[in-house]
């Protein structure tokens with residue numbers, strides 16, 4: 107961690123700042139649904155994406171990663187694959203311009219030198235890094251495929267959370283989806299068009315969609331946090 111980084115942790119990371127809050131409890135429910143499915147094995151790699159910008163995918167990805175890491179045994183690697191608009195690094199107190207995924211894919215920087223430990227025990231992040239000129243090509247490359255494979259298989263107790271941009275705006279998310287075990291779709295209550303959600307489900311593949319997180323559903327008792335008043339997990 108950088109000096110004093112803990113003091114710059116995004117206040118919207120409710121699972122870190124207030125783990126006993128209503129909002130944090132909702133993320134625990136989401137965590138339970140993912141880690142303990144009714145049938146089959148839990149997905150080891152999970153993409154979090156949205157239908158349109160501003161739905162809150164990075165907020166959900168970061169809080170979900172924290173919630174899983176707060177479990178007894180699970181370790182988490184949170185990867186920022188939104189290299190056009192990276193934000194995960196700043197949410198955890200790291201400065202603008204920190205090296206990350208783009209440096210690994212474009213310049214062959216050693217992965218170990220790019221991973222950042224956070225103030226959350228058992229949670230490591232891979233920042234997006236400086237915005238490259240060709241994010242679609244980098245995220246569709248064999249190197250990216252091998253990175254996901256290695257990260258998933260190297261440690262049996264590690265879960266990978268991938269923050270990715272809306273697939274209808276960028277080509278790389280659809281390519282990434284092929285290498286991911288499961289997908290969580292974030293929509294904003296009363297904002298995200300239903301037809302857009304239906305199209306996105308077809309584009310990503312319904313069989314891979316674990317569920318939908320409805321962001322921004324207001325409940326009066328949870329007015330403390332202005333970004334996401336309430337998170338509802340809906341099994342698709």
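In the working numbering, the protein residues as written are 107 to 342. Ideal Cβ placement from N, Cα and C applies to all residues, glycine included.
- For residue 150, the secondary structure class from DSSP, reduced to helix, strand or coil, is coil.
- Per DSSP, the unbroken alpha helix (DSSP H) holding residue 169 starts and ends at 163-175.
- Residue 292 carries a strand assignment under DSSP once its states are collapsed to helix, strand and coil.
- It is roughly 31 Å from the alpha-carbon of residue 264 to the alpha-carbon of residue 295.
- Here residue 271 is buried. Its C-beta has 16 or more other C-beta atoms within 10 Å.
- Three or more beta-carbon pairs separated by less than 8 Å link the segment 157-168 to the segment 290-309, which places the two stretches in contact.
- In this structure, residue 267 and residue 171 form a Cβ contact; the two beta carbons are roughly 5 Å apart against a cut-off of 8 Å.
- Contact check for residue 175 against residue 128 fails: the beta carbons are separated by 8 Å or more.
- Counting other Cβ atoms within 10 Å of its Cβ, residue 120 reaches 16 or more and is therefore classed as buried.
- Given a length threshold of 4 residues, each whole run of the alpha helix (DSSP H) inside the segment 182-264 is given here in chain order: 194-197, 207-213, 241-245 and 248-260.
- DSSP places residue 305 in the helix class (H, G or I) of the three-state scheme.
- With respect to the 8 Å criterion, residue 155 and residue 289 are classified as neighbours on the basis of their beta carbons.
- With a cutoff of 8 Å on beta-carbon distance, residue 238 and residue 208 are scored as near each other.
- Short of 7 Å from the beta carbon of residue 183, and not among the five residues preceding or following it, lie these beta carbons of its own chain, in chain order: 230, 232, 257, 264 and 266.
- Cβ neighbours of residue 242 within its own chain (closer than 7 Å, five residues either side excluded): 276, 277 and 278.
- Here residue 228 really is in contact with residue 181; their C-beta atoms are around 5 Å apart, less than 8 Å.
- By the Cβ neighbour-count rule, residue 297 is exposed, with fewer than 16 other Cβ atoms within 10 Å of its own.
- The alpha-carbon separation between residue 317 and residue 210 amounts to approximately 31 Å.
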